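Right, one structure below, let's go through it.
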């Protein structure tokens, strides 16, 4: 996958991912100057699971802790949340080996993505930090055109139709049409 030709004109590039290592590698190789953001919903899934493991499934205390951690994450207090979770693990005397393994995996996820969870900073910069906007855009641009019943596309055919659809939806149709067809050569010239 190569970046679109217009991406070099952008003053800011944002890459939102779910935390999978292969996604961050894709960002690193193709968008090295992008601001990397861990999708807020995915982070919240991990906090929810951690609160359930540490404070009991569906208990009021688990809900309160998840809400508190969420508020802290929205204030860029990522390390404080991780430290609080680790402290609770140390205080918790009755964790099974399986639960402890799950907790450590989730703590590792948070630690590996610390720099991508500065949601307060992202909000101050006017950036989206949830992938919902991107997913909705994909549905509107791609799904509505390529995923209708009975449609089958080759890779090049799909890429070409999507480039045209993006130009149309992005209000750049005339610019693209002129570029593709060099239609400026057909414009009448002023008489001398």
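In the numbering used here, the protein residues as written are 1 to 192. Every residue gets a Cβ at the ideal spot worked out from N, C-alpha and C, and that includes glycine. Note that the structure is predicted; figures quoted are calculated from it, not measured.
Would DSSP call residue 36 helix, strand or coil?
strand
Specify the secondary structure class of residue 108 as computed by DSSP and reduced to three states.
helix
Within-9 Å CB hit, residue 177 to chain D:
Protein chain content of the structure displayed is limited to a single chain, and chain D is not contained in it.
Decide if residue 39 is buried, meaning its Cβ has at least 16 other Cβ atoms within 10 Å, or exposed.
buried
Per DSSP, what kind of secondary structure is residue 152 in: helix, strand or coil?
coil
Compute the distance between the beta-carbons of residue 99 and residue 53, then report whether it is under 9 Å.
yes
Would DSSP call residue 122 helix, strand or coil?
helix
Alpha-carbon spacing of residue 167 relative to residue 115, whole angstroms
34 Å
Looking at the secondary structure, which residues open and close the beta strand (DSSP E) in which residue 142 lies?
No beta strand (DSSP E) contains residue 142, which DSSP labels as neither H nor E.
Where residue 170 and residue 162 are concerned, what is the direct C-alpha to C-alpha distance, given to the nearest angstrom?
12 Å
Pull the bridge partners of residue 15 from the DSSP assignment, please.
36
Collapsed DSSP secondary structure at residue 8 in the structure displayed:
helix
Does the region 90 to 110 touch the region 127 to 135, meaning 3 or more C-beta pairs lie closer than 8 Å?
no
Burial state of residue 41, where buried means 16 or more other Cβ atoms lie within 10 Å:
exposed
Cα-Cα separation, residue 23 to residue 31
11 Å
Return the CA-CA distance between residue 9 and residue 176, expressed in angstroms with no decimal places.
16 Å
Pick helix, strand or coil for residue 160, following the three-state DSSP scheme.
helix
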